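Novice:
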Amino acid sequence: YAPLAEIDPEVKNIIDKETWRQLTGLELIASENLTSRAAMEANGSILTNKYSEGLPNARYYGGNEYVDELEILCRKRALQAFNLDPAKWGVNVQPYSGSTANFAALTALIQPNDRLMGLGLPDGGHLTHGYYTAKKKMTASSIYFQSFPYSIVPDTGLIDYPKLEATAKVFKPRLIICGASAYPRDWDYEHLKKIATQEGAWLMADIAHTSGLVAAAELKNPFDYCDVVTTTTHKTLRGPRAGLIFFRKDLENAKDLEKRVNEAVFPACQGGPHNNTIAAIATALKQVADPSWKAYAKQVIANARALADALVAHGYKLQTGGTDNHLVLWDLRPIGLTGSKVEKVCDFMGITINKNAVSGDASAQVPGGIRLGTSALTSRDMREDDIKQVAEFLHRAVQISLVLQKEAGSKLLKDFARVATTPEEGKVGHQQVKALRDEV
Ligand code: PLP
Numbered sequence: 026y027a028p029l030a031e032i033d034p035e036v037k038n039i040i041d042k043e044t045w046r047q048l049t050g051l052e053l054i055a056s057e058n059l060t061s062r063a064a065m066e067a068n069g070s071i072l073t074n075k076y077s078e079g080l081p082n083a084r085y086y087g088g089n090e091y092v093d094e095l096e097i098l099c100r101k102r103a104l105q106a107f108n109l110d111p112a113k114w115g116v117n118v119q120p121y122s123g124s125t126a127n128f129a130a131l132t133a134l135i136q137p138n139d140r141l142m143g144l145g146l147p148d149g150g151h152l153t154h155g156y157y158t159a160k161k162k163m164t165a166s167s168i169y170f171q172s173f174p175y176s177i178v179p180d181t182g183l184i185d186y187p188k189l190e191a192t193a194k195v196f197k198p199r200l201i202i203c204g205a206s207a208y209p210r211d212w213d214y215e216h217l218k219k220i221a222t223q224e225g226a227w228l229m230a231d232i233a234h235t236s237g238l239v240a241a242a243e244l245k246n247p248f249d250y251c252d253v254v255t256t257t258t259h260k261t262l263r264g265p266r267a268g269l270i271f272f273r274k275d276l277e278n279a280k281d282l283e284k285r286v287n288e289a290v291f292p293a294c295q296g297g298p299h300n301n302t303i304a305a306i307a308t309a310l311k312q313v314a315d316p317s318w319k320a321y322a323k324q325v326i327a328n329a330r331a332l333a334d335a336l337v338a339h340g341y342k343l344q345t346g347g348t349d350n351h352l353v354l355w356d357l358r359p360i361g362l363t364g365s366k367v368e369k370v371c372d373f374m375g376i377t378i379n380k381n382a383v384s385g386d387a388s389a390q391v392p393g394g395i396r397l398g399t400s401a402l403t404s405r406d407m408r409e410d411d412i413k414q415v416a417e418f419l420h421r422a423v424q425i426s427l428v429l430q431k432e433a434g435s436k437l438l439k440d441f442a443r444v445a446t447t448p449e450e451g452k453v454g455h456q457q458v459k460a461l462r463d464e465v
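Note that the numbering used here has the sequence shown beginning at 26, numbered continuously upward.
1. With hydrogens ignored, establish whether the beta-carbon of D281 is closer than 7 angstroms to any heavy atom of the ligand PLP.
2. Bridge partners for C203 per DSSP, in chain order?
3. Going by other Cβ atoms of all chains shown within 10 Å of its Cβ, with 16 needed for buried, is I168 buried or exposed?
4. What do you reckon, is the C-beta of D410 under 7 angstroms from a heavy atom of the ligand PLP?
5. Could you give the residue range of the alpha helix (DSSP H) that holds M65?
6. Would P448 be called buried (16 or more neighbouring beta carbons within 10 Å of its own) or exposed?
7. Do you know offhand how far E90's Cα is from L134's?
8. Would a C-beta distance cut-off of 8 angstroms place D211 and F170 closer than the cut-off?
9. I need the straight-line Cα distance from T158 to G150, nearest angstrom please.
10. If we ignore side chains and look at the alpha-carbon of each, how far apart do S61 and K188 end up?
11. Can you have a look at N328 and say buried or exposed, based on whether 16 or more other CB atoms are within 10 angstroms of its CB?
12. Considering only the alpha carbon of each residue, which of K366, T399, D411, F128 lies closest to I425?
13. Could you check the C-alpha separation between A289 and T125 for me, to the nearest Å?
14. Closest to T256 by CA distance: which of E66, A103, L98 is it?
15. Starting from W45, trace the alpha helix (DSSP H) both ways and give me its first and last residue.
16. Let me know the beta strand (DSSP E) ranges lying completely inside the stretch 368-412, each 3 residues or longer, listed in chain order.
17. Would DSSP call S317 helix, strand or coil?
18. Return yes when at least one heavy atom of the ligand PLP lies under 7 angstroms from the C-beta of G87, else no.
19. Using 7 angstroms as the cut-off, classify the Cβ of S172 as near or not near the heavy atoms of the ligand PLP, replying yes or no.
20. Out of A55, S172, K161, which one is the CA nearest neighbour of G155?
21. With H, G and I counted as helix, E and B as strand and the rest as coil, what does DSSP make of D362?
22. Could you check whether S404 and L53 sit closer than 8 angstroms to each other, using their CB atoms as the reference points?
23. With 16 other CB atoms within 10 Å as the buried threshold, where does T446 fall?
24. Quick one: what's got a C-beta closer than 7 angstroms to I39's C-beta in the same chain, skipping five residues either side?
25. Confirm the yes/no value for this check: CB of R405, any heavy atom of the ligand PLP, distance under 7 angstroms.
26. For a test of the three-state rule: what should DSSP assign to V415, helix, strand or coil?
27. Leaving out five residues before and five after N74 in sequence, what residues of the same chain have Cβ atoms less than 6 angstroms from its Cβ?
28. Within the continuous beta strand (DSSP E) that includes R273, where are the two ends?
29. Does S172 come out as helix, strand or coil in the three-state DSSP assignment?
30. Would you mind giving the Cβ-Cβ distance between P392 and T363, rounded to the nearest angstrom? I have them listed as a contact below 8 angstroms.
31. Spatial neighbours of M65 within its chain, please: CB distance less than 8 angstroms, with the 5 preceding and 5 following residues excluded, ordered by chain position.
32. First and last residue of the beta strand (DSSP E) that includes N117?
33. Provide the residue span of the alpha helix (DSSP H) that contains R140, from first to last.
34. Report yes if the C-beta distance between L228 and N350 is below 8 angstroms; otherwise report no.
35. Buried or exposed: A242, going by 16 or more other Cβ atoms within 10 Å of its Cβ?
36. Under a CB-based cut-off of 8 angstroms, is V391 close to chain B?
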């Protein structure tokens, strides 16, 4: 029971450095958030020791009376957080991550080699929604199923629902997946349900990115239209890293959906649940159920809008022109920059963002945009005025990137690259960073 610092100072030191990075930098990665100390305490608890394959009251191991109590509590809170009637909806809280939740949902809903349609990765979809390239089937969702992506309208950046409907008529998918990793607008679930019904397909929403906002009823409700809803628990939901699968219990033609989902998670895709994580999910969901959550979700969106407005005011181009949710997709191509350049400069400035494909990118390897999200900064209690300041920093990062691009090969660029890639920054590194920044 000796503390980490004593047993393993090397790992402790790395964790301390990462803590410092997270607390002193500006976190703008749209898929990240800052979970609570309480959730982290649950996640780091003794529950990690326990094996509990199976479901509450039906385990393959003894000693699960408290773990059963925990999983039942977590399920109850998950349904409460999304205001779901337990007679109509059930939830599996065991998925280790969003990817395993999605693959388990696919396993439950369709057969190997069946057809599915999801938003293409370059258009903002996720890998697990059937992604493949011309050269390779990259993901299990395209290896084991036949997938055909739908897309956004290049000019507007909005989902091309008429084209999706026309394609579905020809492709005849068994499953349509909605939800995305980089789509700044809300979804027309009603239209998607109509298309799915026409084709006799399941409709699944992956609300990994937006679930915290959906729970607060700040976005449209996918549960009104979808058969299955999956989510991660660590993005806008602000919990530990894991996944959830919600399934309908009241479908006349699929009374066995609950059994199918539960068996798809275990034993089809996973082994023993991570009970420490389930405890942390339960704690995070308690926070979601608190009235203060609504204010948080509202602020996340207000901050994303403030960020979008400030960037547009500087003359920059955003995909779809703005945002309905927590994220902003910034198209850098009109000013002649790539996402990776700006990502690097931002790293150097202590601002964490990620390069991202934008509509019409010639190559997925060189994305022309960046994705920004406001969930983490809002968890640090930032408001619109703070975000306007962050937008000014981003503007400066872009201006610096342009200078560096123009001065390719110059001493300034070399110094910059050296400092920016030095792993052991320490104090000296930061003085250099400051000096260079001033010089720029
Ligand atoms: N679904 C969506 C829409 C995502 O954006 C992500 C991750 O970014 C996932 C699923 C996968 O989640 P995980 O990384 O927990 O496997």
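Just so you know, even glycine gets a beta-carbon here, dropped at the ideal spot from N, CA and C. In this text, all values refer to a predicted model and were calculated from it rather than measured experimentally.
Specialist: In brief:
1. Taking the sequence shown and counting its residues from 1, one reaches residue 281 at position 256. D281 Cβ: outside cutoff for every heavy atom of the ligand PLP.
2. Counting from one through the sequence shown, the residue named residue 203 turns up at place 178. A230.
3. The residue you call residue 168 lines up with position 143 of the sequence shown. Exposed: under 16 other Cβ atoms inside 10 Å.
4. Counted from its first residue, the sequence shown places residue 410 at position 385. Outside the cutoff, so no.
5. Here the question's residue 65 lines up with position 40 in the sequence shown. Start and end: 62-68.
6. To locate residue 448, count along the sequence shown from 1; it is residue 423. In this predicted model, P448 has a pLDDT of only 48, less than 50, meaning its place in the structure is not dependable; the value taken from the coordinates is given anyway. Its Cβ having fewer than 16 others within 10 Å, P448 is exposed.
7. In the sequence shown, counting from the first residue as 1, residue 90 sits at position 65. In the sequence shown, counting from the first residue as 1, residue 134 sits at position 109. Looking at the two C-alpha atoms, the distance is approximately 31 angstroms.
8. Stepping through the sequence shown from its first residue, residue 211 is reached at position 186. Stepping through the sequence shown from its first residue, residue 170 is reached at position 145. No, the Cβ-Cβ distance between D211 and F170 is not below 8 angstroms.
9. Residue numbering aside, residue 158 sits at position 133 when the sequence shown is read from its first letter. Residue numbering aside, residue 150 sits at position 125 when the sequence shown is read from its first letter. For T158 and G150, the distance between alpha carbons rounds to 13 angstroms.
10. Residue 61 sits at position 36 when you count from the first residue of the sequence shown. Residue 188 sits at position 163 when you count from the first residue of the sequence shown. Whole-angstrom Cα-Cα distance: 42 angstroms.
11. Here residue 328 refers to the residue found at position 303 when the sequence shown is read from its first residue. By the 10 Å Cβ count, N328 comes out buried.
12. Walking along the sequence shown from the start, residue 425 turns up at place 400. Of the candidates K366, T399, D411, F128, the one whose C-alpha sits nearest the C-alpha of I425 is K366.
13. On the sequence shown, residue 289 is found 264 positions in, with the first residue counted as 1. On the sequence shown, residue 125 is found 100 positions in, with the first residue counted as 1. If you take the alpha carbons of A289 and T125, they lie about 10 angstroms apart.
14. By 1-based counting over the sequence shown, the position of residue 256 is 231. Nearest C-alpha to T256: A103.
15. As a working mapping, residue 45 is identified with position 20 in the sequence shown. Element bounds for W45: 34-49.
16. 379-381, 394-398
17. Looking up residue 317 in the sequence shown gives position 292. It is helical.
18. Start at 1 with the first residue of the sequence shown, and residue 87 comes out as number 62. G87 Cβ: outside cutoff for every heavy atom of the ligand PLP.
19. Along the sequence shown, one-based indexing puts residue 172 at 147. Incorrect: S172 has no Cβ contact closer than 7 angstroms to the ligand PLP.
20. Within the sequence shown, numbered from 1, the residue matching residue 155 stands at position 130. Here the closest residue by C-alpha is S172.
21. Taking the sequence shown and counting its residues from 1, the one referred to as residue 362 is at position 337. The residue asked about is misnamed: residue 362 is Leu in this sequence, not Asp. The answer is coil: DSSP assigns L362 none of H, G, I, E or B.
22. In the sequence shown, the residue the question calls residue 53 occupies position 28. In the sequence shown, the residue the question calls residue 404 occupies position 379. Contact flag unset, no.
23. In the sequence shown, counting from the first residue as 1, residue 446 sits at position 421. Summary for T446: the model assigns pLDDT 49, below 50, so the residue's position carries little reliability; its value from the coordinates is reported in the next sentence. It counts as exposed.
24. Here the question's residue 39 lines up with position 14 in the sequence shown. So the list is empty, once near-sequence residues are dropped.
25. Numbered from 1 along the sequence shown, position 380 holds the residue referred to as residue 405. Not so, every heavy atom of the ligand PLP lies at least 7 angstroms from the Cβ.
26. By 1-based counting over the sequence shown, the position of residue 415 is 390. Of the three classes helix, strand and coil, the one that applies to V415 here is helix, per DSSP.
27. To locate residue 74, count along the sequence shown from 1; it is residue 49. If we look at N74 and ignore the five residues flanking it on each side, it has no Cβ neighbours.
28. Position 248 of the sequence shown holds residue 273. Residues 268-273.
29. Locating residue 172 in the sequence shown gives position 147, counting from the first residue. In the structure shown, S172 sits in a strand (DSSP, three-state: E or B).
30. Reading the sequence shown from its first residue, position 367 is the one you call residue 392. Reading the sequence shown from its first residue, position 338 is the one you call residue 363. That belief holds up - the Cβ atoms of P392 and T363 are roughly 7 angstroms apart, short of 8 angstroms.
31. Counting from 1 along the sequence shown, the entry for residue 65 is found at position 40. Hits under 8 angstroms: P265, A305.
32. Mapped onto the sequence shown, residue 117 falls at position 92. Start and end: 114-117.
33. Residue 140 sits at position 115 when you count from the first residue of the sequence shown. Where R140 is concerned, there is no enclosing alpha helix (DSSP H), although the beta strand (DSSP E) it sits in stretches over 140-142.
34. Stepping through the sequence shown from its first residue, residue 228 is reached at position 203. Stepping through the sequence shown from its first residue, residue 350 is reached at position 325. Contact flag unset, no.
35. Position 217 of the sequence shown, counting from 1, holds the residue named residue 242. Exposed: under 16 other Cβ atoms inside 10 Å.
36. The structure shown contains no chain B, having only a single protein chain.
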